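Note that the sequence shown covers residues -4 to 556 in our numbering. Even glycine gets a Cβ: it sits at the ideal position worked out from N, Cα and C. For clarity, every value in this text was computed on a predicted model and none was experimentally measured. Encoded as C-alpha cells, the structure appears first; notes follow it.
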Amino acid sequence: MENKPIARTLRLLSQLMELHEVNPFKVKSIANAAFKVDKLPFRIAEKSFDELEKIDGVGKSVAAKIHELVQTGTMAELQDLLAATPEGVVEMMRIKGIGAKKVATIWREMGIETVGELYYACNENRLIEAKGFGLKTQEEIRKAIEFNMASHGKFLYAQVEQQCCDLQEQIRGTFSGALIEFGGEFRRMCEIITELVIILGSRDQAVAQNTFLESDFIKNMQLDGHKVTGELENGLKVAVYCVEKRDFWEELFIRTGNDEHVAAVTALIDEGIDQPENEELIYIKAGLQFIKPELREGDAYIEKAKKNELPQLISYNDLKGTLHNHSTWSDGVNTVEEMALYCRDELKLEYLGMCDHSKSAFYAKGLSIERVLQQQEEIDHLNKKLDGFHIFKGIESDILNDGSLDYPDEILQRFDFIVASVHANLKMSEEKATERLIRAIENPYTTILGHPTGRLLLSRTGYSIDYKKVIDACAANNVIIEVNANPLRLDLDWRWHQYALEKGVWLSINPDAHRNEGFKDMLYGVIAGRKGGLYKERCLNALSLQEIKTVFDSKRSAVSK
Ligand SMILES: [Zn+2]
Ligand SMILES: [Zn+2]
-4 MENKPIARTL RLLSQLMELH EVNPFKVKSI ANAAFKVDKL PFRIAEKSFD ELEKIDGVGK
56 SVAAKIHELV QTGTMAELQD LLAATPEGVV EMMRIKGIGA KKVATIWREM GIETVGELYY
116 ACNENRLIEA KGFGLKTQEE IRKAIEFNMA SHGKFLYAQV EQQCCDLQEQ IRGTFSGALI
176 EFGGEFRRMC EIITELVIIL GSRDQAVAQN TFLESDFIKN MQLDGHKVTG ELENGLKVAV
236 YCVEKRDFWE ELFIRTGNDE HVAAVTALID EGIDQPENEE LIYIKAGLQF IKPELREGDA
296 YIEKAKKNEL PQLISYNDLK GTLHNHSTWS DGVNTVEEMA LYCRDELKLE YLGMCDHSKS
356 AFYAKGLSIE RVLQQQEEID HLNKKLDGFH IFKGIESDIL NDGSLDYPDE ILQRFDFIVA
416 SVHANLKMSE EKATERLIRA IENPYTTILG HPTGRLLLSR TGYSIDYKKV IDACAANNVI
476 IEVNANPLRL DLDWRWHQYA LEKGVWLSIN PDAHRNEGFK DMLYGVIAGR KGGLYKERCL
536 NALSLQEIKT VFDSKRSAVS K
C-alpha cells in the first residue's frame, strides 16, 4: 500500500470523526498524521509497528490504526462511522471546500443527504441563510459540485449549452464557406450530454483536419480516422467529423439520430443514400415525413412519419402563462408583485400561477393556514391593480406519507389550483411510492401532479414508480402532469410523454421558478416536451387566460358536486 491511499483513508476517518463529534483532540491527531504520512519520503506500509510509533506526528494510537489498515485493508472504527453515515453525506466530504462542520450542518439541520440535493439547494438559494454559510460559500459549493459532476464526464444540457454554441461559432469563424452543424446528443437536445458532436463539411477534408488540429479550439486533440477528438475546458468530450462537402448531409444524418433510429430509416432506403443535397431528401427517399432531430430516438416515430402524422411540436412562443412558482412568501427571492410584473412586461405572458410551499415544508418556509389567507389577500389586491394580467392562487402542497394533502378541505378549496408534490421521505419501495402518488391524484383538489419522481439528474435517481399506473390514475382523475422545467429535474421524463398523451393526459411545462431568472427554465421544459412529442393543444399553460380559467373552474365545480 502506497502512502497516498493511507493518508486519504486517515483523512476520511478524521472527517467522519469530526462529523460525528468525536473528541476534537483525537480528530486533530488523526488529521495531523494524515498530513504527515502524505509527505514522508519512504513507504510507511513497510515499517514495523515499533518503527511506525516512533515517526514524528504519528504516535501509538495512530500507529495501531495504520497497522490495522495495512494488514486488513480497512479500519474497524472507519467502518463503524461509515455505517452510521448516509452514502451521499460521505460523498459530500470528498468535495473540495466543504469541511466536516459544514457537512454536519447540511446533513443534520437542512436534512440534505445527497450531493444532488445539495446542488439543488444551492440553485434554490437555500444555503444563504444557514448558520456559517452565505452567498459566497453557496457559490463555492455549487462550483465544486459542478466540477465533481464534470469528472464523471456527464453534463446537463443547460450546463454546457453556452460553451457548445461558442465553440460552434469559433469554428464557423475559421472555416468560412464550410457546412457546420451539431450532431449527436446535443442536436437531439438530450437532457444529459456526454459528448459534443460537430460535423464539418469542407471542400478539402485533409486540409480541414489539419487546420483543426493546428487550432486551439479544444484540448488534447487526436486524429482518429476522419474524426478529431478532444475536450472542452470543462472536460466535455468533443468529436469533430471532417468530411467533404458532398458527404456532409449523409454524415449529419448518421451522426444525429441514435443507432436504432439511423438503422430504422436506412432500412427503408433501397438504393443507398447517395450524397443528398440536404437532410430532408434522406427522409423522402425512405418514404417518411422529415423527423426533427429531437425525435430521433429509436424507431418511435417511424410509423407516424410513414402516415404523415408527426405532431406539430410545441414551441416556447406557444406558452401563454406560467404555473408553479415560488415567491418570498416561501423560499423564493422575488415578491409576488415582482414576479407578476416580470411575467407581464418582460415575458409577455397572460398569467402567473403562484405555488409557494405548503406547511409541512418547514425547511422552505412553507405557508401556515394564516399565511395562506394573507397571501391570497395580497393576490386579490394585486389582481385589481394589474390590468390584463392575472395571478392564480395556487399552492405546492406536499404529498404526505399516506398520500394525503397538506391542508384541510376548507383551505384546499380556496385555491384556484393545486400542484401536489412529494418532498420528504423519498426512500420508498416502488409499490409504496406508486400508492402514495395515486392517493394524491385521487384527491379531488389535486390539479397537477408535480415532479412525479423527485429525481435530480446526474445526482439523485428519485423514487421508482410504476409509470403506467400513475399516468392511468391521472387520466382517470383528470389530473394534469407537470413537466418540471428545472434542468436538473425535467420530470416527467420525456420518455413517458407519449404514453401520457395517448391516455388523454395533459402536460404542463412548469418552471418551478424561485426568482425571476428561473422563468427562463421553461425553455428547457419546452425542449423536454418536444423530445416527448408534446404539442400545444395538450399543454396546459399554452391555454389562454380565459381558457385556463375555464379548466380551473370546471375542476373546482366537480369537487363541490
Ligand atoms: Zn417541489
Ligand atoms: Zn416548487
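- With a cut-off of 8 Å on Cβ pairs, the stretch 532 to 547 is not in contact with the stretch 349 to 358, counting fewer than three such pairs.
- By the CB criterion at 8 Å, residue 163 and residue 142 fall outside the cutoff.
- For residue 197, the enclosing beta strand (DSSP E) has its first and last residue at 190 to 197.
- Counting along the chain, residue 392 sits inside the beta strand (DSSP E) bounded by residues 385 to 393.
- Annotation: residue 553 to residue 427 spans about 28 Å, alpha carbon to alpha carbon.
- For ligand 2, a non-hydrogen atom lies closer than 7 Å to the CB of residue 507.
- With fewer than 16 other beta carbons inside 10 angstroms of its own, residue 147 counts as exposed.
- Taking each of 478, 172, 93 in turn and checking the Cα distance to residue 134, the smallest one comes out for 93.
- The straight-line gap separating the alpha-carbon atoms of residue 310 and residue 424 is approximately 37 Å.
- Nearest to residue 414 by alpha-carbon distance, out of 317, 11, 482, 385, is 317.
- Spatial neighbours of residue 192 in its own chain (CB-CB distance under 6 Å, excluding positions within 5 residues in sequence) are listed in chain order as 178, 179, 234, 250.
- For the stretch 106 to 146, the full-length alpha helix (DSSP H) segments reaching 4 residues or more read 110 to 118, 130 to 145 along the chain.
- Residue range 475 to 479 is occupied by the beta strand (DSSP E) that includes residue 478.
- Here residue 269 is actually not in contact with residue 196; their C-beta atoms are around 16 Å apart, not less than 8 Å.
- Taking C-beta atoms as the reference points, residue 483 and residue 451 count as a pair closer than 8 Å.
- The stretch 196 to 266 is shown to contain whole beta strand (DSSP E) runs of 3 or more residues at 214 to 219, 222 to 226, 232 to 239, in chain order.
- For the set 36, 304, 29, 321, the Cα lying nearest the Cα of residue 514 is the one of 321.
- DSSP, reduced to helix, strand and coil, places residue 517 within a helical segment of the structure shown.
- The continuous beta strand (DSSP E) containing residue 320 extends over residues 316 to 320.
- Cβ-Cβ distances below 6 Å link residue 25 to 5, 8, 9 in the same chain, with the five nearest sequence neighbours on each side left out; the list follows chain order.
- With a beta-carbon spacing of about 17 Å, residue 194 and residue 231 fall beyond the 8 Å limit used to define contacts.
- Counting along the chain, the unbroken alpha helix (DSSP H) around residue 472 starts and ends at 462 to 472.
- In this structure, residue 319 has its beta carbon less than 7 Å from a heavy atom of ligand 2.
- Listed in chain order, the non-local C-beta contacts of residue 454 below 7 Å within the same chain comprise 109, 110, 111, 114, local neighbours out to five positions each way being set aside.
- Note on residue 418: 16 or more other CB atoms within 10 angstroms of its CB, so buried under the neighbour-count rule.
- In this structure, residue 454 has its CB at a distance of at least 7 Å from all heavy atoms of ligand 1.
- For residue 547, the enclosing alpha helix (DSSP H) stretches over residues 540 to 555.
- Residue 258 counts as exposed, since fewer than 16 other C-beta atoms from the protein chains shown sit within 10 angstroms of its C-beta.
- The continuous alpha helix (DSSP H) containing residue 24 extends over residues 19 to 34.
- Note: residue 346 is bridge-paired with 316, 385 in the DSSP secondary-structure output.
- Straight-line spacing of the CA atoms in residue 65 and residue 56 works out to 15 Å.
- Between the beta-carbon of residue 504 and that of residue 314 there is about 7 Å, and that keeps the pair under the 8 Å contact cut.
- Nearest Cα to residue 121 within the set 555, 297, 510, 532: 510.
- Counting the other Cβ atoms within 10 Å of the Cβ of residue 202 gives fewer than 16, which makes it exposed.
- Spatial neighbours of residue 217 in its own chain (CB-CB distance under 8 Å, excluding positions within 5 residues in sequence) are listed in chain order as 223, 224, 225.
- Apart from the 5 residues on each side of it in sequence, residue 86 sits with its Cβ closer than 6 Å to the Cβ of 110 in its chain, given in chain order.
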